[in-house]
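One structure below.
Protein chains in written order, with the working numbering: chain G, 286 to 622; chain Y, 219 to 628.
Here's what the structure looks like:
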């Protein structure tokens with residue numbers, strides 16, 4: 286066991302996978318010699334050679350399209366899209382090609398690819414380096430969508446994603462790369478080296494895709510979150526003193542409905558938290574499912590705490606990013622209802 | 219005050235519209251046999267002219283002439299002729315079946331049979347095509363069963379794709395035919411990825427990418443050229459220039475470029491332009507490109523100059539946008555008639571045998587159709603199960619889809 290940052294955990298997952306299966310290849314913009322702008326692929330080219338880890342032209346559609354072709358051949362490409370915001374030129378290849386090849390060919394061809402992409406805000410990235418496009422993927426049948434919240438999960442889920450026979454979108458909250466940011470921007474971030482979830486086995490292990498994790502037990506209200514917002518929700522629970530149960534979804538598609546329903550039936554209240562914009566965001570799906578499955582157990586309306594329905598601003602980032610204060614207000618509101 | 223004249227937008231137009239006299243003066247009909255055949259390892263910059271000329275083997279008299287001739291035996295050519303005739307007969311029957319309401323949609327190959335049929339012959343088992351909707355000749359020439367193709371077109375109970383795909387969007391890994399997408403150009407870059415994978419694994423197999431003239435405007439076409447050029451992928455990049463992208467003439471996508479083949483030059487990719495209605499020329503050029511790819515010399519771009527005689531699809535009416543007689547004026551002739559003439563000239567074929575072969579082939583197609591219709595058509599007889607809607611979205615069915623399947627009663 287070693288203490289790892291999320292960057293190191295992601296790198297370790299690729300390293301372990303490349304060592305175990307020579308069909309695993311890693312490519313994307315700047316990932317080869319340089320090791321990626323966040324250094325997630327550092328050292329992989331030197332270790333596995335430049336035909337297994339290499340730089341790609343700045344053409345996201347080309348990167349995803351060639352990955353699909355490689356997968357059709359029999360390789361297992363693990364691709365980096367430099368920022369989730371840059372995946373739009375590849376959206377057609379992701380949603381209408383990768384997602385559907387198995388279905389449309391009746392299994393004649395398959396598409397076991399992983400598309401890693403740093404997601405979310407909190408680093409003063411402005412509107413084109415801060416987006417959370419997960420709902421654009423969860424609406425697409427044929428994809429799997431993962432958002433880890435810590436190094437341990439990131440490694441176990443990424444190895445599972447690489448070994449998965451279907452296309453997996455792996456959204457890495459870049460604000461969590463170095464430590465469990467809790468939404469208090471004025472405080473220094475505790476590094477993962479001082480957090481138990483920074484304890485990551487060096488070898489091979491997987492975490493099943495589609496299983497949520499209860500991060501905090503509670504009886505008063507269920508908070509459903511993923512990625513950076515898991516830590517914000519935990520902080521809000523501590524600071525308000527409200528006995529909240531915090532669920533880390535980890536996998537949005539497929540979704541662990543059972544864990545959600547079990548918790549909400551116990552608490553009778555529910556708040557969904559995410560960074561992405563409110564309207565038609567993933568929180569809407571969760572709220573609808575809670576209503577459908579837990580209606581007679583609910584003691585107050587399901588609330589959502591999210592980013593605003595605007596592009597992500599640069600200078601006003603902290604007023605956009607849902608912090609523990611806003612989550613705390615929602616918790617208080619559902620408790621009063 | 220602005221001293222400059224007002225600007226105006228240039229919108230290209232074809233030479234003629236319905237009611238006018240067909241005009242193909244833009245097709246520089248080079249003499250058969252006139253274009254040199256470079257060595258396969260020729261440096262791209264030394265063969266730039268090949269992107270502007272048209273490689274032709276069969277001349278007006280039906281003779282095979284020049285440096286690209288002499289690669290195929292009589293038996294090869296007779297098989298080639300038979301494949302093209304089969305595709306034409308298949309098209310005729312399926313077009314009729316669509317008109318009879320047995321399927322929703324069909325796309326025929328009329329006039330373009332040589333492109334896919336001759337190309338297939340240049341590939342080996344295990345190579346992979348990433349086709350568009352007008353390369354069924356790749357399957358026909360590889361002896362893929364016509365009944366299976368028809369089952370797919372009829373979306374019947376034996377449809378290998380379980381009713382999920384639009385008719386003619388076949389898939390056969392075994393026959394080197396990647397599942398067709400309705401979205402244009404997506405397959406072009408995927409082919410490059412497949413070829414890169416083959417190179418990464420030090421394999422011997424190569425890939426072929428297919429696109430129409432109109433779809434070269436899609437960004438994936440350009441992405442594919444960047445990747446193919448950068449990694450020297452063992453891929454043949456095919457552009458079928460059949461003059462029309464539904465109602466839009468080829469000049470719209472081509473822009474100011476001299477030819478579609480010339481697109482390859484900026485990427486340092488050897489680019490050849492070939493008479494797409496000449497079975498021998500198509501084969502010769504495809505073999506040249508395949509050999510280059512197999513010798514690890516990288517990609518080749520080929521523009522097939524041809525003409526879409528039929529409508530774009532059964533939902534299209536070409537008389538609304540081009541002269542009805544335009545196909546007759548096409549200067550490169552009909553691929554079936556040209557090969558037939560050549561074989562007769564060689565003494566290995568005759569009018570009588572051709573007529574007889576036409577009847578035999580049509581009988582074969584009709585028998586296949588009867589067999590396929592025995593499994594059902596779109597609105598009659600056997601059809602895939604509703605359960606098939608829910609299967610195969612993922613390798614393993616997740617619980618939310620299972621719940622929906624159960625809700626649907628399956």
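For every residue, glycine included, the Cβ atom is placed at its ideal position computed from N, Cα and C.
- Message: Could you compute how far the alpha carbon of residue 343 of chain G sits from the alpha carbon of residue 363 of chain G?
- Response: Using only the alpha carbons, I get a separation of about 17 Å.
- Query: Who pairs with residue 297 of chain Y in a beta bridge, going by DSSP?
  - Reply: Its beta-bridge partners do not exist; DSSP assigns none.
- Item | Paired residues, beta bridge with residue 484 of chain G - DSSP | According to DSSP, residue 484 of chain G bridges with G:288.
- Query: When Cβ atoms are compared, which residues of the stretch 394-420 of chain Y fall closer than 7 Å to chain G?
  - Reply: Flagged, chain order: 396, 397, 399, 401, 404, 407, 408, 409, 410, 411, 412, 414, 415, 416 and 418.
- Along the stretch 350-367 of chain G, what residues have a CB closer than 9 Å to any CB found in chain Y? Taken in chain order, the members of the stretch 350-367 of chain G whose beta-carbon sits within less than 9 Å of a beta-carbon on chain Y are 350, 351, 352, 353, 354, 355, 356, 357, 358, 359, 360 and 362.
- How about residue 497 of chain Y and residue 553 of chain Y: are their beta carbons less than 8 Å apart? Their beta carbons are under 8 Å apart, which means residue 497 of chain Y touches residue 553 of chain Y by this criterion.
- Message: Let me see if you follow: with CB-CB separation under 8 Å, is residue 524 of chain G close to chain Y or not?
- Response: With a threshold of 8 Å between beta carbons, residue 524 of chain G makes no contact with chain Y.
- Message: Using a Cβ-Cβ cutoff of less than 7 Å, which residues in the same chain neighbour residue 403 of chain G once the five nearest sequence positions on both sides are dropped?
- Response: Hits under 7 Å: 323, 368, 369, 457 and 459.
- Message: Judging by CA-CA distance, which residue of G:310, G:390, G:437 and G:411 is the nearest neighbour of residue 427 of chain G?
- Response: Nearest Cα to residue 427 of chain G within the set G:310, G:390, G:437 and G:411: G:390.
- Task: Determine, using beta carbons only, whether residue 268 of chain G and residue 498 of chain G come nearer to each other than 8 Å.
- Result: This structure cannot settle anything about residue 268 of chain G, because the visible part of chain G is limited to 286 through 622.
- Task: Return the chain-ordered list of same chain residues with a C-beta closer than 6 Å to the C-beta of residue 316 of chain G, the five sequence neighbours on each side being excluded.
- Result: Cβ neighbours of residue 316 of chain G beyond the five flanking positions: 326 and 365.
- Indicate the three-state DSSP secondary structure (helix, strand or coil) for residue 395 of chain G in the structure shown. Under the three-state reduction of DSSP output, residue 395 of chain G falls in the coil class, being neither helix nor strand.
- Query: Could you check where the alpha helix (DSSP H) with residue 555 of chain G kicks off and where it finishes?
  - Reply: Residue 555 of chain G -> not in any alpha helix (DSSP H); beta strand (DSSP E) instead, spanning 555-562.
- Query: Is there a Cβ from chain Y that is less than 8 Å from the Cβ of residue 373 of chain G?
  - Reply: Output row for residue 373 of chain G: interface = no.
- Item | Under 9 Å from the C-beta of residue 382 of chain G: neighbouring residues of chain Y | The contact set of residue 382 of chain G on chain Y, defined by CB atoms closer than 9 Å, consists of 399, 401, 404, 405 and 408 in chain order.
- Message: Just to confirm the assignment: which complete beta strand (DSSP E) runs, minimum length 3, are found wholly within the stretch 505-591 of chain G?
- Response: Fully contained in the stretch 505-591 of chain G are the following beta strand (DSSP E) runs of length 3 or more, in chain order: 506-510, 529-533, 536-538 and 555-562.
- Query: In three-state terms, what does DSSP make of residue 313 of chain G?
  - Reply: Residue 313 of chain G falls in the strand class under three-state DSSP.
- Message: What does the alpha-carbon distance come out to for the pair residue 462 of chain Y and residue 507 of chain Y?
- Response: Cα atoms of residue 462 of chain Y and residue 507 of chain Y: separation of roughly 25 Å, rounded to the nearest angstrom.
- Task: State buried or exposed for residue 605 of chain Y, treating a residue as buried only when at least 16 other CB atoms are found within 10 Å of its CB.
- Result: Using a 10 angstroms sphere on the CB of residue 605 of chain Y, the tally of other CB atoms stays under 16, which defines it as exposed.
- Item | Sub-8 Å separation of residue 537 of chain G and residue 430 of chain G beta-carbons | For residue 537 of chain G and residue 430 of chain G, yes; Cβs fall inside 8 Å.
- Item | Span of the beta strand (DSSP E), counted from its first residue to its last, around residue 456 of chain Y | For residue 456 of chain Y, the enclosing beta strand (DSSP E) begins and ends at 453-459.
- Within chain Y, partners of residue 342 of chain G - CB distance below 9 Å: Neighbourhood of residue 342 of chain G in chain Y, by CB distance below 9 Å: 441, 444, 445 and 448, in chain order.
- Item | Strand pairing of residue 427 of chain Y, partner residues [DSSP] | The beta-bridge partner set that DSSP reports for residue 427 of chain Y consists of Y:348 and Y:455.
- Message: Considering only their Cβ atoms, is the gap separating residue 587 of chain G from residue 447 of chain G smaller than 8 Å?
- Response: Their beta carbons are not under 8 Å apart, which means residue 447 of chain G does not touch residue 587 of chain G by this criterion.
- Task: May I ask which residues mark the beginning and end of the beta strand (DSSP E) holding residue 365 of chain G?
- Result: Taken as a continuous stretch (DSSP letters only), the beta strand (DSSP E) holding residue 365 of chain G covers 361-365.
- Message: Measuring CB atoms only, is the stretch 308-320 of chain Y touching the stretch 424-436 of chain Y, in the sense that at least three cross pairs come out at less than 8 Å?
- Response: Under the Cβ criterion (8 Å, minimum of three pairs), the stretch 308-320 of chain Y does not count as touching the stretch 424-436 of chain Y.
- Query: Going along the chain, which residues of the stretch 368-383 of chain Y sit with their C-beta nearer than 9 Å to a C-beta in chain G?
  - Reply: If the cut-off is 9 Å between Cβ atoms, the stretch 368-383 of chain Y has 377, 378, 379, 380, 382 and 383 near chain G.
- Task: Give a yes or no on contact between the stretch 482-498 of chain Y and the stretch 268-280 of chain Y, applying the rule of three or more CB pairs nearer than 8 Å.
- Result: Yes: at least three Cβ pairs fall under 8 Å.
- Do residue 566 of chain Y and residue 381 of chain G have their CB atoms nearer than 8 Å? No, the Cβ-Cβ distance between residue 566 of chain Y and residue 381 of chain G is not below 8 Å.
- Item | Beta-bridge partners of residue 456 of chain G, as assigned by DSSP | Beta-bridge partners of residue 456 of chain G (DSSP): G:402.
- Task: Check whether the Cβ of residue 613 of chain Y lies closer than 8 Å to any Cβ atom in chain G.
- Result: With respect to chain G, the C-beta atom of residue 613 of chain Y has a partner C-beta closer than 8 Å.
- Message: Tell me whether residue 225 of chain Y, by its Cβ, gets closer than 7 Å to a heavy atom of the ligand FAD.
- Response: This structure lacks the ligand FAD, and indeed carries no ligand of any kind.
- Message: Are the CB atoms of residue 507 of chain G and residue 554 of chain G within a distance shorter than 8 Å?
- Response: For the pair residue 554 of chain G and residue 507 of chain G, the CB atoms are nearer than the 8 Å cut-off.
- Proximal residues to residue 524 of chain G (C-beta, below 8 Å), its chain only, five neighbours per side dropped: Here the set comprises 609 and 613.
- Query: Does the separation of the CB atoms of residue 549 of chain G and residue 582 of chain G fall below 8 Å?
  - Reply: Less than 8 Å divides the Cβ of residue 549 of chain G from the Cβ of residue 582 of chain G.
- Could you have a look at residue 429 of chain G and say whether DSSP puts it in helix, strand or coil? Strand at residue 429 of chain G.
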